[in-house]
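Down below is the structure, laid out as C-alpha cells.
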Amino acid sequence: MRITIPVARVLAAMLAEPDVERYGLDLMAATELPSGTLYPVLRRLQTAGWVTADWESIDPSSVGRPARRYYRLTGQGAAAARRALAELRALAPDPRPSVGGIEPIGAPAW
Amino acid sequence: MSRRAAELLLAVARRRWPVEIRADLGREWAAELHVLAERGQRLRMLRFAASLAARRSGVDVADRAPIARRLLRTTLPLLLAPSACVGVVLVSLFAMNVVVEWLSWRVGWAFDLQLPIATVVTLCAAVGLAVFARRLARGGAPSGGWRVSFGIVAPVALTLAAAGYAVLDDSDALARVAPGLVLWLAGLALVLRVTTGTAGRGRVRLAWCVGVLGAIVVADLATILAVLSHVPTGPGTAVDGVPQGVDPAFAPLWLLACYTGSALGLPGPTGQEIFLITDAVLLEPLLYLACTPYALAWAIRAARERPASTADVVAPSPVVGPS
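One line per chain: the protein sequences are A and B, in this order.
Numbers 0 to 109, taken from numbering that gives the first Met the number 0, label the letters of the first sequence in order.
Numbers 0 to 322, taken from numbering that gives the first Met the number 0, label the letters of the second sequence in order.
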C-alpha cells in the first residue's frame with residue numbers, strides 16, 4: 000500500500016476513533032477530501048484489506064433515506080495504519096526549535 | 000433540477016469504475032446524494048457528484064500505471080503491429096529471394112518454392128508476433144466488442160493506406176487494390192467482433208476456431224474480389240495462344256494457390272491461372288497472413304481480460320450501523 004497524503008488523511012481520521020464506522024460524507028468532512036479523491040482511497044484500502052465496508056441495516060421507507068455504506072478499519076488495517084503513520088511522522092522534517100521551552104504538540108497536518 | 004444534474008454526473012462517474020463494483024457505488028452515492036438533497040445543500044450535492052465524475056478512474060488511482068506505460072501496453076502495440084506485419088512480409092520476400100537465389104544454382108525446381116517459402120516465413124513470424132501480442136494484451140486495457148475490433152482494424156487500415164500511397168505510384172493502381180483490402184478489413188472487423196463475443200463468454204477454444212475459420216473465409220473472399228477486379232474471367236484474350244483469363248469455378252482455391260504456388264493436385268487453377276492470380280495479388284495474401292494471427296490473439300486476450308458482469312457480484316450483507 001502506497002501511503003499518499005489523501006490515504007494518510009483517511010487513515011488518520013479513521014484511527015481517531017477506530018471502532019466507529021464512518022460513511023462517505025462523514026469521512027469527507029473529517030479529511031476535507033473531495034469525493035473524487037476519497038472514494039478511490041477507500042477502494043484501495045478495501046482492496047488491501049485495511050478497511051471493510053458494510054451496508055447499514057435499516058428500513059429505508061421508515062427512516063426516509065436509503066441505506067448508507069459504512070467503513071471501518073480492520074484489525075490488520077488499524078495496526079498497519081498506525082505503523083504507516085508513525086513512519087510518515089518519522090520522515091517529517093524536524094520541527095523548528097521551540098521558543099520559551101514550549102514543545103510543539105498535535106498531529107501532523109494529515 | 001440540481002438533483003437531476005447531480006444524478007447525471009453520478010451516472011458518468013459510475014462508468015469510470017469497474018463493472019463489478021458499479022452497482023454498489025451507485026447505491027452508496029445515491030444514499031449520500033439523498034441526504035444532501037434532503038438538507039437542501041444543492042451546491043454541496045453538485046460538488047459531490049462533479050468531483051466523482053471528474054475523476055478519470057476510480058481504482059488504484061495512486062497506483063495507476065503512468066500514461067507512458069499504458070500507451071506502451073495498449074495503444075502503442077496496436078499502432079505499431081501493422082507496421083511490423085508489413086515488415087514481416089518484406090522480410091519474408093527478402094528471405095525468399097535469398098533462398099531461391101541460392102537454390103537456383105543447385106536445383107531446377109528452386110523457383111517453385113518462391114511462394115511456399117514466403118508463406119512459411121510470414122506464417123512463422125506472424126505466429127511469433129501473435130504470441131508477443133497476446134502477452135502484451137494481458138497487461139493492456141481489457142476490452143471487447145466493436146471497440147477492440149475497431150482498435151485493431153483501424154491502425155491496420157491506416158498503415159496499409161500509407162504503405163499503398165508510398166509504394167503504388169498512381170491512383171489507378173491504388174483503386175485496383177482498394178476493393179479487396181476494404182472487404183478484408185470489414186470482414187476482419189466482423190470476425191474479431193464475433194471472436195471477442197465468444198471469448199468473453201469464456202469459450203476461448205471456440206473463439207479461436209471461429210476466428211481462424213472466419214479469417215480464412217474473409218481472406219478468401221477478399222482475394223477473389225481482388226483477382227476478379229484485375230483479371231478477366233473465362234478464356235478472355237489469348238497472348239501467343241495462352242489464355243489471359245481465370246476460371247471462376249476454382250475461385251475459392253485462389254487464396255491457397257497464392258500461398259502454395261500450386262493447385263495441390265487439383266484440376267484448377269491451372270499453372271497459367273496461378274501466374275495471373277499471383278501477378279494480380281502477390282502481397283495482399285501475405286499481408287492477411289501476417290496480420291490475422293496477432294489480431295486474433297490480441298482480441299481474444301483482451302476479451303478474456305474483461306471483468307465479469309455485475310450479475311456475478313455477490314450482494315453486500317447488511318449490518319447494523321450508526322444512524
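Glycine residues also receive a C-beta, built at the ideal position from the N, C-alpha and C atoms.
None of the values given here were measured: they were computed from a predicted structure.
Could you check the C-alpha separation between residue i and residue j for me, to the nearest Å?
i: R72 (chain B); j: A80 (chain B); result: 12 angstroms
i: V88 (chain B); j: L114 (chain B); result: 12 angstroms
i: A89 (chain A); j: A12 (chain A); result: 19 angstroms
i: Y287 (chain B); j: L224 (chain B); result: 14 angstroms
i: L128 (chain B); j: Y293 (chain B); result: 6 angstroms
i: P284 (chain B); j: L254 (chain B); result: 7 angstroms
i: A30 (chain B); j: R71 (chain A); result: 18 angstroms
i: Y22 (chain A); j: W28 (chain B); result: 10 angstroms
i: A160 (chain B); j: E304 (chain B); result: 31 angstroms
i: V130 (chain B); j: G86 (chain B); result: 17 angstroms
i: L10 (chain A); j: A80 (chain A); result: 6 angstroms
i: R63 (chain B); j: V176 (chain B); result: Reliability fails at R63 (chain B), whose pLDDT of 49 lies under 50, so the model's placement of it is uncertain and the value that follows must be treated cautiously. Taking the straight line from one Cα to the other gives about 44 angstroms.
i: L205 (chain B); j: G144 (chain B); result: 16 angstroms
i: P39 (chain A); j: V280 (chain B); result: 54 angstroms
i: V245 (chain B); j: A83 (chain B); result: 33 angstroms
i: M27 (chain A); j: M0 (chain B); result: 24 angstroms
i: T195 (chain B); j: R133 (chain B); result: 14 angstroms
i: A149 (chain B); j: R137 (chain B); result: This sequence places Phe at residue 149 (chain B); Ala is not what is there. C-alpha separation (whole angstroms): 18 angstroms.
i: W54 (chain A); j: R46 (chain B); result: 24 angstroms
i: G107 (chain B); j: V203 (chain B); result: 45 angstroms
i: R112 (chain B); j: V99 (chain B); result: Note on identity: in this sequence residue 112 (chain B) is Leu, with Arg being the wrong assignment. Each residue's alpha carbon lies about 7 angstroms from the other.
i: R192 (chain B); j: C257 (chain B); result: 27 angstroms
Does any CB atom of chain B fall closer than 7 angstroms to the CB of residue i?
i: G35 (chain A); result: yes
i: L26 (chain A); result: no
i: G23 (chain A); result: yes
i: R68 (chain A); result: yes
i: R8 (chain A); result: no
With DSSP run on the structure shown, which of helix, strand or coil describes residue i?
i: A336 (chain B); result: A question about residue 336 (chain B) goes unanswered here, because the residues of chain B that appear run from 0 up to 322.
i: T73 (chain A); result: coil
i: P323 (chain B); result: Look at the range of chain B in this structure, 0 to 322, and you will see that residue 323 (chain B) is not part of it.
i: V120 (chain B); result: helix
i: V245 (chain B); result: strand
i: T194 (chain B); result: helix
i: W16 (chain B); result: coil
i: D169 (chain B); result: coil
i: D18 (chain A); result: coil
i: W54 (chain A); result: strand
i: R68 (chain A); result: strand
i: T232 (chain B); result: strand
i: W108 (chain B); result: coil
i: R54 (chain B); result: coil
i: I4 (chain A); result: helix
i: T30 (chain A); result: helix
i: P268 (chain B); result: coil
i: Q40 (chain B); result: coil
i: W297 (chain B); result: helix
i: G201 (chain B); result: coil
i: L254 (chain B); result: helix
i: V280 (chain B); result: coil
Taking only beta-carbon atoms, is residue i less than 7 angstroms away from chain A?
i: E31 (chain B); result: yes
i: S170 (chain B); result: no
i: S1 (chain B); result: no
i: R303 (chain B); result: no
i: S261 (chain B); result: no
i: L51 (chain B); result: yes
i: E100 (chain B); result: no
i: R337 (chain B); result: Look at the range of chain B in this structure, 0 to 322, and you will see that residue 337 (chain B) is not part of it.
i: E27 (chain B); result: yes
i: R47 (chain B); result: Looking at the sequence shown, residue 47 (chain B) is not Arg but Phe. Closer than 7 angstroms to some Cβ of chain A, the Cβ of F47 (chain B) qualifies, so yes.
Using a Cβ-Cβ cut-off of 7 angstroms (strictly less than) and excluding sequence neighbours within five positions of residue i, which residues of its own chain qualify?
i: A250 (chain B); result: I223
i: D219 (chain B); result: P251 and L254
i: V190 (chain B); result: G210, G213, A214 and V217
i: W104 (chain B); result: none
i: A248 (chain B); result: G267
i: T30 (chain A); result: R8, V9, A12 and L37
i: L227 (chain B); result: none
Only counting the same chain, and skipping five residues up and downstream in sequence, which positions put a Cβ closer than 6 angstroms to that of residue i?
i: A49 (chain B); result: L8
i: I2 (chain A); result: A83
i: V60 (chain B); result: Note that V60 (chain B) scores a pLDDT of 47, beneath 50, so its modelled location is shaky; the value from the coordinates is reported in the next line. Same-chain partners within the cutoff: there are none.
i: L328 (chain B); result: Past the edges of chain B, shown from 0 to 322, lies residue 328 (chain B), and the structure says nothing about it.
Excluding the 5 residues flanking residue i on each side, which residues of the same chain have their C-beta closer than 8 angstroms to its C-beta?
i: A7 (chain A); result: A83, L84, L87 and W109
i: L182 (chain B); result: V217, L220, A221 and L224
i: T73 (chain A); result: G48, W49, V50 and T51
i: T259 (chain B); result: L114, P115 and T118
**OP:** Identify each residue in the region 35-65 of chain A for which the Cβ-Cβ distance to at least one residue of chain B is less than 7 angstroms, and report them in chain order.
**Re:** Correct list: G35, Y38, P39, R42, R43, D53, W54, E55, S56, R64 and P65.
**OP:** Please name the residues in the region 277-291 of chain B whose beta-carbon is closer than 7 angstroms to at least one beta-carbon of chain A, in chain order.
**Re:** none
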